[in-house]
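Down below is the structure, laid out as structure tokens.
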Amino acid sequence: MFFYEYSALSKEDISSKLGQHPAPRTTSPAADLGGKAMKIVLDNGPSLDYEFKCKSNLTLSEGGEPAVECPYAALVIRDTILVSHMIPGTMRGYNLIIDVKTRLATVFEVWFCGYRDNREVQREIYFGYVDCCSGEGDPQKRHTFTNRVEGKGFYWKDDTGTEILNFYPSVIYSTFVELSDPRGGITISAPSDYVKLSDILYAYSRVECEYSGTFVLEVVDLFSVKNVGVRLGFDEHDELDYRMYTAEGEITGTIASFESMTDYGTKVPEVMSSHGETVKSKGARPVYRPRHLYPSMTADEVKKKLSEEIKPFSGESIMPGANKMELSDYLVGKQFTLRYDNGGPVWEYAVDSIDLLRWRKEGESEWHTEKYEAFEPADKLILFCHLHSCSDNARCPTIAIDFSNGLTTCIDARIGSYRSDWEVGHRAIFGVVEAEGINAPLVRRHEITKDLVGKAYTWTYSDMMSSIHVYSSPESYSWTIFLPNGSGGMMWSSPCIYVKLREDAYMMSWVEETCNGSQGTFVFNPRIMHDAGYFFGISPERLNLTSFGACARNAGCYDIAKYFEIKQRG
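In this text, residue positions in the sequence shown follow numbering that gives the first Met the number 0: the first is 0, and each later residue adds one.
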């Protein structure tokens, strides 16, 4: 899903694809509510009068209006019923969560064509109760928003065979990794809702904004680790995907949360969306929308920016640098050659000062002088980065050298990728150092690793900027920006590369694809819980190369490596 290009559907397209009587399909046996009737009273919404005619049809009267017949399906989990239906002749519908014992109700109203991307499902959440004919009236309680499941992770396999990993590191977002789709495996972020139904049952919903726009709602049973759910949207082929399902799974772990001990998350934090929308109008929610924040650039625009004066390491990083490591002078006065495997580059270096070096390709006579920055994140392991000005500054190697054993890894990055002219493309290349006093191994190299998969760390870049990283698959990760109260907030995710340099040093590089297109690379030392790294990319304003660093805390882990091992074995 991460790289799919989804069509822009018109209102007419959506109306046609919904059809006259859209009905959710289900593989699991649906509940038969035939003969039942209920009146749902909502605190800030319409009254909903239902009569269930049979197992598959109901009538609905909204706010006393004439009744409309609607196809529906229902699934039961413990004493709770999940009902889903659309309203024929419209682009909207309702999803009801009814607790039979307490008579409490949570209702998700959903609709298409409420945003500039018509296929994106909008939702509004109402809390209320089922009014009984016996006159019992208002139970004076309600379901509530919650942070009680913040930090949890799940593996699910539903009744169609779909397998997925879910992660809840935020109170307004979540991520998921598709396991059963051969094209999946990359972490995807989605704005989400969390509702406490009881100490056992929780409602979780997401809308796959910036992707398919699909709405997902699940009622999760933490005792049995089962759920019932509904999915409404259009797939990558623009076909209607409206189905209900049941799933079984495992809790993969719970990472730390950082609110006050007496903050129960009953109020959704007031967060402005990335495009300036405040969360006040119907259906509005905090959403990160990189497609609208970061316009694409043409090849000519990229070329023009690369031809302008470049000042590497002169600006503030996207991650403020108050917690950067000190610059290292370890390389000053050294001369060495980096020889990368399989026909890779061979570069000769002469380092003149703490901020200037010379380099050239093997066999060249002319040296290129570049500004650089170097850090020592682990003993005798140096990380440094510079531009290749002879390549119009479009190439930027970030290099780790282990002077204790003569191994080196380079993240070789360039402006322009297989996806676009402006996003960064990168690769990891492995090799050895040739220098006086160093005898590099013939065969052993740094290597791609899964050691970090499932782990979570907080990163504090400055007093104003901190986040959580979750390394949620062997090829991708997510980051969560903290809200002022310590809750997890806005999220995004990217494909990435993990490299093990030593037991005390891991290298990670990612490109913020389907986002700003920039690349970040760092080396993390789990002994000192600190990293050092660089951010490289281009924007309509300038080419950027900056450094960053952050202090880490261990936030816990998810036991997920086994799911990827099973997938790879087939």
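Every residue gets a Cβ at the ideal spot worked out from N, C-alpha and C, and that includes glycine. Quick caveat: nothing in here was measured; it's all calculated off a predicted structure.
- Across the set Arg102, Asn117 and Tyr128, the C-alpha of Asn117 shows the shortest separation from the C-alpha of alanine 7.
- Per the DSSP secondary-structure output, aspartate 240 pairs in a beta bridge with Gly232.
- Comparing C-alpha distances from histidine 84 to each of Met90, Asp391 and Pro70 shows the shortest one belongs to Pro70.
- Here DSSP, grouped into helix, strand and coil, assigns phenylalanine 547 to strand.
- In the DSSP assignment, the residues bridged to phenylalanine 51 are Leu57.
- The straight-line gap separating the alpha-carbon atoms of alanine 246 and glycine 516 is approximately 36 Å.
- Look at tyrosine 562 here: in three-state DSSP terms it is helix.
- Taking serine 60 as the centre and dropping the five residues before and after it, the same chain places the C-beta of Asp48 and Ala66 closer than 7 Å to its C-beta, in chain order.
- Nearest C-alpha to arginine 147 among Ile527, Lys100, Lys499 and Leu196: Leu196.
- Only residues of its own chain outside the window of five on either side were considered, and among them Asp340, Thr408, Arg444 and His445 have a CB closer than 6 Å to the CB of phenylalanine 429, listed in chain order.
- Scanning the segment 65 to 153 from its first residue to its last, no whole alpha helix (DSSP H) run of 4-plus residues comes out.
- Put simply, of Val170, Met296 and Arg418 the residue whose alpha carbon is nearest the alpha carbon of proline 483 is Val170.
- Taking 8 Å as the upper bound for CB-CB distance, cysteine 384 and tyrosine 201 are not in contact here, some 44 Å apart.
- Annotation for arginine 290: no beta strand (DSSP E) segment contains it, though the alpha helix (DSSP H) segment containing it runs 289 to 292.
- Taken through DSSP and simplified to helix, strand or coil, glutamate 300 comes out as helix.
- By the Cβ criterion, the segment 235 to 254 is in contact with the segment 556 to 564, since at least three pairs of Cβ atoms, one from each stretch, lie closer than 8 Å.
- Per DSSP, the continuous beta strand (DSSP E) segment holding serine 471 begins and ends at 464 to 472.
- In this structure, valine 206 and valine 106 do not form a Cβ contact; the two beta carbons are roughly 16 Å apart against a cut-off of 8 Å.
- In the DSSP assignment, glutamate 11 falls within the unbroken alpha helix (DSSP H) covering 10 to 17.
- For the pair cysteine 495 and serine 486, the Cα-to-Cα distance works out to about 25 Å.
- Taking C-alpha positions only, tyrosine 244 is separated from histidine 425 by approximately 40 Å.
- Linking glutamate 372 to serine 471 through their CA atoms gives a straight-line distance of about 30 Å.
- Beta-bridge annotation (DSSP): lysine 379 is not paired with any residue.
- Cβ contact annotation for serine 492 (same chain, cutoff 7 Å, sequence separation greater than five): Thr174, Thr186, Ile187, Ser188, Ser475, Tyr476 and Ser477, in chain order.
- Proline 285 and arginine 413 have their C-alpha atoms roughly 33 Å apart.
- Taking C-beta separations shorter than 6 Å and ignoring five residues to either side along the sequence, the partners of methionine 296 in its chain run Trp421, following chain order.
- DSSP places serine 306 within a helical segment (H, G or I) once states are collapsed to three.
- In the three-state reduction of the DSSP assignment, serine 191 falls in the strand class.
- For histidine 387, the beta-bridge partners assigned by DSSP are Arg394.
- Contact between the segment 298 to 314 and the segment 379 to 397 is present: 3 or more CB-CB pairs across the two stretches fall below 8 Å.
- The residue among Ser546, Gly436, Ala29 and Ser223 with its C-alpha nearest the C-alpha of phenylalanine 153 is Ser223.
- Proximity to phenylalanine 51 across Gly34, Ile447, Ser15 and Tyr172 peaks at Gly34, based on C-alpha coordinates.
- Ranking Pro396, Thr265 and Glu177 by CA distance to the CA of histidine 387 puts Pro396 first.
- For serine 364, the closest alpha carbon among the candidates Leu500, Leu355, Ser9 and Tyr348 is that of Tyr348.
- Looking at the DSSP output, arginine 24 bridges to Arg242.
- With fewer than 16 other beta carbons inside 10 angstroms of its own, leucine 441 counts as exposed.
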